Amino acid sequence: MITHGWGMAQADVVRIGLLDWMHDTDDGAGPRKTADFAAAFGVEPEFAVTVARQLEEAGLVTGIRSTEGGDLRVRLTPAGKEQVLARRRRRGDQQTRHRSARDAVLAWLARERARSGNGMRKASLFFGDHRSVYEGRPFESAELDAAARELSELGLAAACFSSDGSLLAAQITEVGLDCVGRHRGAVESYVAERYGAPEVTATAGKPGRVHPEDALTLASALREAAPQLTLSPDERAELTDITRQLEREAIRGEPDQSWMVGLLQRAARIAGRCPGGALGRVMSLAIGYAIRPVTEGNHRKHA
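1108 is the number of the first residue of the sequence shown in the working numbering; add one for each residue after it.
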């Protein structure tokens, strides 16, 4: 009954809002009044009743007609509670959120181009569009900034940012329109077609070799790129530790190849999965290409 992901109609937002509200206000005292939800959510009482009836038909709530002017008293069913929890799990998935924000911003820019022609669009206008809603709640401003920055890095959009990194305005490019036309705006599909998927994951745990000079170059690049990547504190600390260990090993007289390759594969997994933009994937790809299978000839003799 209720869609999920980004780009929701107002009715879906209210349905999700009612389910969330019922879950959060359940004190075990009995059914909740739709009139109370209407006041808290800022919708008309009649609309709240209509939405509650729709949820009742879907088996997500049970409704009891109140004696107070057609108001309803409702409570969550087990299926309704599970839907609330599942939606909250999706909201907490940062990688999915980032991909969704990126696709939503590109779709919005494409729609603006079709409706009003070429030209920059103010970032604030995005939050007045239904595409700005993810799992029933608006994206955060920081998510809009990160999405626009990556679209700009990929050449799918042109964007202007303030000195503090906040998005001011953006417009879709011809490359972005091509992505929308051929990939239905799925940026991940576009990136996979253009750049290919990082190959390092396929070689994880398999024998490989990397030239010490390449290892030092990658360690330096990882150190410079780290501040631009969206990493958790633990991931950032791990990447810093990997970089230090890699540098120490690479300058030894006889570096341990399996150790260096293992460090690089760990770094590639961290860089490749972070929602920090194209830079992380580029770093992951670079590492994948630097690691050579032991059976493959190299242009330079490995230590």
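Here a beta-carbon is modelled for each residue, glycine too, at the ideal position from N, C-alpha and C.
Keep in mind it's a predicted model, so treat the numbers as computed, not measured.
Q: Tell me whether Ile1349 sits in a helix, a strand or coil according to DSSP, three-state version.
A: As a working mapping, residue 1349 is identified with position 242 in the sequence shown. Under the three-state reduction of DSSP, Ile1349 is assigned to helix.
**Q.** When Leu1336, Ala1253, Ile1171, Ala1264 are compared against Ala1378, the one with the closest alpha-carbon
**A.** Counting from one through the sequence shown, the residue named residue 1378 turns up at place 271. Nearest to Ala1378 by alpha-carbon distance, out of Leu1336, Ala1253, Ile1171, Ala1264, is Leu1336.
Q) Out of curiosity, what's the CA-to-CA distance linking His1318 and Arg1301? A) Residue numbering aside, residue 1318 sits at position 211 when the sequence shown is read from its first letter. Residue numbering aside, residue 1301 sits at position 194 when the sequence shown is read from its first letter. Take the alpha-carbon of His1318 and the one of Arg1301: they are about 27 Å apart.
Q. At what residue ranges does the region 1130–1188 contain a whole run of the beta strand (DSSP E), taking only runs of 3 or more?
A. You should have 1168–1172, 1179–1183.
**Q.** N- and C-terminal bounds of the alpha helix (DSSP H) containing Gln1201
**A.** Here the question's residue 1201 lines up with position 94 in the sequence shown. It spans 1201–1223 - the alpha helix (DSSP H) in which Gln1201 sits, taken as one unbroken run.
Q: Tell me, please, which residues DSSP counts as bridged to Ile1377.
A: Residue mapping note: residue 1377 aligns to position 270 of the sequence shown, counting from 1. When beta bridges are read from the DSSP output, Ile1377 appears opposite no residue.
Q) With distances taken between CB atoms, is the gap from Ile1279 to Leu1183 smaller than 8 Å? A) Numbered from its first residue, the sequence shown carries residue 1279 at position 172. Numbered from its first residue, the sequence shown carries residue 1183 at position 76. Between Ile1279 and Leu1183, the C-beta gap is not smaller than 8 Å, which leaves the two residues out of contact.
**Q.** Beta carbon of Ala1230 nearer than 8 Å to that of Leu1213
**A.** Counted from its first residue, the sequence shown places residue 1230 at position 123. Counted from its first residue, the sequence shown places residue 1213 at position 106. Their beta carbons are not under 8 Å apart, which means Ala1230 does not touch Leu1213 by this criterion.
Q: Specify the secondary structure class of Leu1274 as computed by DSSP and reduced to three states.
A: One-based indexing of the sequence shown puts residue 1274 at position 167. Annotated three-state conformation of Leu1274 is strand, per DSSP.
Q. What's the gap between the Cα of Glu1189 and the Cα of Glu1219?
A. For the purposes of this step, residue 1189 is identified with residue 82 of the sequence shown, where counting begins at 1. For the purposes of this step, residue 1219 is identified with residue 112 of the sequence shown, where counting begins at 1. Cα to Cα, the separation comes out at about 37 Å.
Q. Can you tell me the Cα-Cα spacing of Arg1195 and Ser1273, whole angstroms?
A. Numbered from its first residue, the sequence shown carries residue 1195 at position 88. Numbered from its first residue, the sequence shown carries residue 1273 at position 166. C-alpha of Arg1195 to C-alpha of Ser1273: approximately 27 Å in a straight line.
**Q.** Pro1319 (DSSP reduced to helix, strand or coil)
**A.** Taking the sequence shown and counting its residues from 1, the one referred to as residue 1319 is at position 212. If DSSP states are grouped into helix, strand and coil, Pro1319 belongs with the helices.
Q. Excluding the five sequence neighbours on either side, which residues of its own chain have a C-beta within less than 8 Å of the C-beta of Ser1173, listed in chain order?
A. What you label residue 1173 is simply residue 66 of the sequence shown in a count that begins at 1. Answer for Ser1173: Lys1140, Leu1179, Arg1180, listed in chain order.
Q: Within the same chain, show all residues whose beta-carbon is closer than 8 Å to that of Ala1276, passing over the 5 residues directly before and after it, in chain order.
A: Residue mapping note: residue 1276 aligns to position 169 of the sequence shown, counting from 1. Around Ala1276: Met1227, Arg1228, Lys1229, Ala1230, Ala1266, Cys1267.
Q: Return helix, strand or coil for Arg1355, following the three-state DSSP convention.
A: Here residue 1355 refers to the residue found at position 248 of the sequence shown. In the structure shown, the three-state DSSP call for Arg1355 is helix.
Q | Beta-carbon proximity of Trp1357 to Ala1333, cut-off 8 Å | A | On the sequence shown, position 250 is the one that residue 1357 refers to. On the sequence shown, position 226 is the one that residue 1333 refers to. The sequence shown places Ala at residue 1357, not Trp. Cβ distance not < 8 Å, so Ala1357 and Ala1333 don't count as in contact.
Q | Neighbourhood of Cys1286 by C-beta distance below 6 Å, restricted to the same chain and skipping five residues each side | A | One-based indexing of the sequence shown puts residue 1286 at position 179. Leu1263, Tyr1297.
Q.
At the level of alpha carbons, what is the spacing between Ile1123 and Ala1221?
A. Sequence index remark: in the sequence shown, residue 1123 carries index 16 (1-based). Sequence index remark: in the sequence shown, residue 1221 carries index 114 (1-based). So the two alpha carbons sit approximately 30 Å from each other.
Q: List the DSSP bridge partners of Cys1267.
A: Translated into the one-based positions of the sequence shown, residue 1267 becomes position 160. According to DSSP, which records beta bridges pairwise, Cys1267 is partnered with Ala1276.
Q. Given Ile1171, which residues of its chain have a CB within under 8 Å of its CB, disregarding the five upstream and five downstream residues?
A. The count along the sequence shown starts at 1 and reaches residue 1171 at position 64. Closer than 8 Å at the Cβ level, and outside the excluded window around Ile1171, lie Pro1138, Leu1179, Arg1180, Val1181.
Q.
Would Leu1258 and Arg1291 be called neighbours here (beta carbons separated by less than 8 Å)?
A. The residue you call residue 1258 lines up with position 151 of the sequence shown. The residue you call residue 1291 lines up with position 184 of the sequence shown. Result no, Cβ atoms of Leu1258 and Arg1291 do not sit closer than 8 Å.
Q | Collapsed DSSP secondary structure at Pro1245 in the structure displayed | A | Here the question's residue 1245 lines up with position 138 in the sequence shown. Reduced to three states, the DSSP call for Pro1245 is strand.
Q) Does the distance from the CB of Val1368 to the CB of Ile1349 come in under 8 Å? A) Within the sequence shown, the letter at position 261 stands for residue 1368. Within the sequence shown, the letter at position 242 stands for residue 1349. Between Val1368 and Ile1349, the CB-CB gap reaches or exceeds 8 Å.
Q) Can you name the residues that DSSP bridges to Val1240? A) Translated into positions along the sequence shown, residue 1240 becomes position 133. Under DSSP, Val1240 shares a beta bridge with Pro1245.
Q. In this structure, does DSSP put Arg1228 in helix, strand or coil?
A. Walking along the sequence shown from the start, residue 1228 turns up at place 121. In the three-state reduction of the DSSP assignment, Arg1228 falls in the strand class, which pools E and B.
Q) Would you report the Cα separation of Leu1346 and Leu1353, rounded to the nearest angstrom? A) Taking the first residue of the sequence shown as position 1, residue 1346 is located at position 239. Taking the first residue of the sequence shown as position 1, residue 1353 is located at position 246. When only Cα atoms are considered, Leu1346 and Leu1353 end up about 10 Å apart.
(Q) Need the endpoints of the alpha helix (DSSP H) that Leu1284 sits in, please. (A) Working through the sequence shown from its first residue, we reach residue 1284 at position 177. 1281–1290 is the span of the alpha helix (DSSP H), which, as asked, contains Leu1284.
(Q) Using a Cβ-Cβ cutoff of less than 7 Å, which residues in the same chain neighbour Arg1238 once the five nearest sequence positions on both sides are dropped? (A) For this step, residue 1238 is matched to residue 131 along the sequence shown. Spatial neighbours of Arg1238 in its own chain (CB-CB distance under 7 Å, excluding positions within 5 residues in sequence) are listed in chain order as Trp1113, Gly1114, Ala1211, Ala1214, Trp1215.
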